[in-house]
Amino acid sequence: MKTKILEKFKALYGDGAVCYASPGRVNLIGEHTDYNMGFVMPGAIDKAIYVAVKPNGGKVSHVYSIDYDEAVELDMTGDKPAQQWASYVYGVVKEMEKRGAKVPAFDMTFGGDVPLGAGLSSSAALESAVGFALNDTFNLGFSREELAKIGQMTEHNYIGVRCGIMDQFASLFGEKGKIVRLDCRSLEYKLEPFNPEAAGCKVVLFDTQVKHTLASSEYNVRRAQCEAGVAVVAKHEPGVESLRDVTMEMLDKYKDEMDDVVYRRCSFVINENQRLLDGCAALEKGDYVTFGQKVFGSHEGLSKWYEVSCKELDFLVDIARKNPGVLGARMMGGGFGGCTINIVKTEAYDAYVAEITEKFEQEFGHKPRVIEVVISQGAHKIG
C-alpha cells in the first residue's frame, strides 16, 4: 500500500513525499464502558491508513483519496468540503488551528487496507494518520494524546459522530505485542502484554456483514439507562458521578429504587470493568485460558444483561463455546451486528474457520467475512 500511495503522489504532485501509517483497532474487552468512564482494552492491528504528504508552498492544500479515486482542493479559510472523506482531513487541520498551530498548505494522497464496515475504526485511523503526518511534517509539537483528542473532536465537530476517544487512542498509542488498558476517565493508560502467537494462538474476526437498525437508537437508550442508575445511587452516596464510581454493593443496596432493566444495565458495566481488570491480571501471567474465559463472559453480559447482541452474533459465539480450540469469543463494538473477535489455538484455526463459514452460511444464507488480525504498531513514520 505504501508503494501505491507514493506512486500516486508522484504522478499527481511530484517527488519528495514522506509516508506515514496509522492502524485500525480491535477491542478485546470493555464494551459500553467508555461513556461510563470505565476501562477499555484496544489494540492496534496490522491494517492501516497510509498517508503521503509534502508541503506545497501555496495557499491551498490538495488531497487525493485512493479508495474514492477522487481529488479535492482544501482552502482552510473556506467552508467544510462536501465530501465526507475530505471533511476528516479538513477537520483535523481546523482542530489543530484551534489549538494555536499554523498548518501550511500541503499535497497529500492516502488510502488503506482497514476493512470498511467491520467496526475496525477506519475513520479514527484516517484522523490519526493525517494528524500524525502533519504534526511531524510541520513540527507542530502535539503529543500523541493531543492528536487523539484532535481526532475525536474532528468526529464531533466535522462528521457529527459523538465518539469516545478509545479508537484514536489505540491508533496512536498501540504497540506490537501490547494492548492498551485505557482509563476513559483520566486517560491514564498501561500497555499490557498480548502476544497470542507466542502462546500458540491467533486472533480472527468474523464479520456478520449485518447491521441492524437498532444500533444508534438503542445506544442512546443504554446511555440514558446507565445515567438513571447513577442518579439513584448518587442520591445516597457522595462523590458518585458515573458508573465508574459505583460498586455492585452500592447497586444492590439501592436496587429497589430503580427499574430492573436499569439495574441490569448498570450491573453489566460494573462487571465488565472488573472482567477487564481480571483479564489484564491473567495476561500479565501469560494465562490466555483465563483471559479467554473473561472474553466469553463479556459476550454473555453484552447479550443477556446489556442486550445489544443479535442472533447472528450469538450464533457465532455459541459455535465458539462448543469448540475446544477456541479460548474466547465475543461480539465487538456497539452491537446489533458487526463482528465477533475470537482467540483460537493455531492448530484448530483452519478447521474452526471452515466450521464457522459453513454453519453461518447454512443458517443465514451468506458467509461471514473472515479477517485475521495481528496486534501491531501504532501511528508511525515509514519514510
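To convert, note that position 21 of the sequence shown is 76 in the numbering used here; the numbers rise steadily by one, no gaps. Just so you know, even glycine gets a beta-carbon here, dropped at the ideal spot from N, CA and C.
**OP:** Give me the Cα-Cα distance between residue 214 and residue 191, rounded to the nearest whole angstrom.
**Re:** 24 Å
**OP:** Note the first and the last residue of the continuous alpha helix (DSSP H) segment covering residue 304.
**Re:** 303 to 308
Original post:
Of all the options 209, 244, 305, 210, which has the alpha carbon lying nearest to the alpha carbon of residue 93?
Top reply: When 209, 244, 305, 210 are compared, the shortest CA-CA separation from residue 93 is found for 244.
Original post:
Could one say the Cβ of residue 285 lies closer than 8 Å to chain C's Cβ atoms, at least one of them?
Top reply: Among the protein chains of the structure shown there is no chain C, as only one such chain exists.
Original post:
Below 8 Å, can you find three or more Cβ-Cβ pairs linking the stretch 256 to 270 to the stretch 108 to 126?
Top reply: no
Original post:
Can you find at least 3 beta carbon pairs, one from the stretch 169 to 187 and one from the stretch 126 to 133, that sit closer than 8 Å?
Top reply: no
**OP:** Spell out the partners DSSP gives residue 247 in its beta bridges.
**Re:** In DSSP, residue 247 forms a bridge with 234.
Original post:
What is the DSSP secondary structure of residue 424, counted as helix, strand or coil?
Top reply: Under the three-state reduction of DSSP, residue 424 is assigned to strand.
Original post:
Alpha carbon to alpha carbon, how far is residue 68 from residue 137?
Top reply: 23 Å
Subject >> Selection from 391, 334, 417, 410 that minimises the alpha carbon distance to residue 383 >> reply: 334
Original post:
Do the stretch 226 to 234 and the stretch 113 to 126 meet, that is, are 3 or more Cβ pairs less than 8 Å apart?
Top reply: no
Subject >> Anticipated Cβ contact below 8 Å, residue 206 with residue 179, distance rounded >> reply: 6 Å
Original post:
Relative to the C-alpha of residue 265, which residue among 294, 182, 432, 391 is closest?
Top reply: 391
Original post:
What's the call for residue 123, buried or exposed, on a 16-neighbour Cβ count within 10 Å?
Top reply: exposed
Subject >> residue 285 and residue 312 closer than 8 Å at C-beta >> reply: no
Subject >> Residues bridged to residue 78 (per DSSP) >> reply: 103
Original post:
Between the Cα of residue 232 and the Cα atoms of 338, 323, 267, 331, which residue gives the shortest distance?
Top reply: Ranking 338, 323, 267, 331 by Cα distance to residue 232 puts 338 first.
Original post:
When you compare only the Cα positions, how much space is there between residue 340 and residue 171?
Top reply: 35 Å
Subject >> Supposed contact pair residue 234 and residue 98 - C-beta distance, whole angstroms, cut 8 Å >> reply: Residue 98 to residue 234, Cβ: 4 Å. Contact.
Original post:
Of the residues 358, 167, 326, which one's Cα is nearest the Cα of residue 182?
Top reply: 167
**OP:** Ignoring anything shorter than 4 residues or poking outside the stretch 312 to 393, list the alpha helix (DSSP H) runs there in chain order.
**Re:** 315 to 339, 343 to 355, 366 to 377, all fully within the stretch 312 to 393.
**OP:** State buried or exposed for residue 216, treating a residue as buried only when at least 16 other CB atoms are found within 10 Å of its CB.
**Re:** exposed
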